[in-house]
Every structure is written in C-alpha cells, then in structure tokens.
Amino acid sequence: MPKTPPLPWLFFSLSGRVSPSAYVLAGLLLVLAQFFPLYQLSRLEPGTATSQNWALVFWVVLLISTWSSFAVTAKRFHDFGKPTYYALISLVIGPILLIVLACFRGDPGPNRYGKRSNAPAEP
C-alpha cells in the first residue's frame with residue numbers, strides 16, 4: 010500500500026497529482042477554513058478589537074487558502090497530464106471547472122507529473 014503524502018504537500022506544493030476525491034475533500038476543507046473566521050466575525054459587534062482580530066484572521070486564511078486552492082487545482086490538472094498554468098484558467102472559469110475536475114478521472118497510468126494520483130512526483 011502506498012504511503013500517504015503529508016498535508017503540506019497537498020496544500021502548498023505544485024508537484025504531483027491528485028484524484029477527484031482528494032480534490033473535492035481538499036476544497037471542502039479550504040471552504041471550512043474560510044467559513045470559521047467569518048462565522049466568528051458574524052457573532053461579534055462590529056468595530057470591536059475582537060472583531061478586528063477575526064477580520065485579520067479571515068484575510069490571512071483567505072490568502073493562504075487561495076494559494077492552497079491554486080496548488081491543489083494545479084495537481085488536479087497534472088492528473089490529466091496538463092501543465093500548472095492551466096490552473097490559472099480556474100481563476101476565470103472556476104465554478105464550471107470545479108465541477109469538471111471533481112467528476113472526471115485523470116490519466117489511468119503514469120504521466121510526466123507522477124506515477125499515480127495522490128502522491129508527489131518522484132525525481
């Protein structure tokens with residue numbers, strides 16, 4: 010059984026490939042990460058120090074999750090044998106692309122981005 014790659018690889022690296030299920034699960038986790046500070050912020054009185062702190066947390070999470078989303082999307086494109094710059098397209102046509110990437114399998118065997126889905130590329 011193949012070794013499970015670490016989460017930093019999934020969310021921050023542009024190397025390797027991911028399957029549709031890993032792509033969807035990573036996306037859901039990123040949405041939850043963005044939702045939590047927004048939820049906390051909605052519970053507070055606007056303009057308080059605590060609400061300002063949660064607003065800052067939200068913006069930091071948003072920046073980090075934007076990169077993470079790009080990295081996971083790039084690896085999903087790698088599963089189709091496509092280069093990283095295809096992930097830039099997702100910034101324009103994101104919702105449609107999300108459905109396509111979540112529903113279709115990638116290349117069935119090795120390709121130039123890795124031997125299999127859900128693993129970093131080996132040198």
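When the count follows this note's numbering, it moves up by one through the sequence shown with no breaks and lands on 132 for the last residue.
C-beta atoms are modelled at their ideal positions from N, C-alpha and C, and glycine is treated no differently.
Keep in mind it's a predicted model, so treat the numbers as computed, not measured.
{"Asked": "Look at the alpha carbon of Ala35 and the alpha carbon of Ile108, and state the distance between them as a whole number of angstroms.", "Found": "14 Å"}
{"Asked": "How many angstroms separate the CA atom of Tyr94 from the CA atom of Pro14?", "Found": "23 Å"}
{"Asked": "Look up Ala128 in the DSSP assignment and give the residues it is bridged to.", "Found": "Arg26"}
{"Asked": "Buried or exposed: where does Thr57 fall if 16 or more other Cβ atoms within 10 Å of its Cβ makes it buried?", "Found": "exposed"}
{"Asked": "Rounded C-beta distance between Arg114 and Gly90? I'm assuming under 8 Å.", "Found": "Their Cβ separation, rounded to whole angstroms, is 12 Å, which puts Arg114 and Gly90 out of contact at 8 Å."}
{"Asked": "Got a sec? Which residues, its chain only, sit under 8 Å from Phe86 by beta carbon, not counting five neighbours each side?", "Found": "Pro92, Thr93, Tyr95, Ala96 and Leu110"}
{"Asked": "Between Gln49 and Val70, how many whole angstroms is the CB-CB distance? I'm expecting something under 8 Å.", "Found": "Going by Cβ atoms, the distance from Gln49 to Val70 rounds to 11 Å, so no, they are not a contact pair."}
{"Asked": "Can you name, in chain order, every residue of its own chain whose Cβ lies under 6 Å from the Cβ of Asp116, other than the five neighbours on each side?", "Found": "Gly90"}
{"Asked": "Can you list, in chain order, the residues of its chain whose CB lies under 7 Å from that of Phe67, leaving out five sequence neighbours each side?", "Found": "Pro46, Leu47 and Leu50"}
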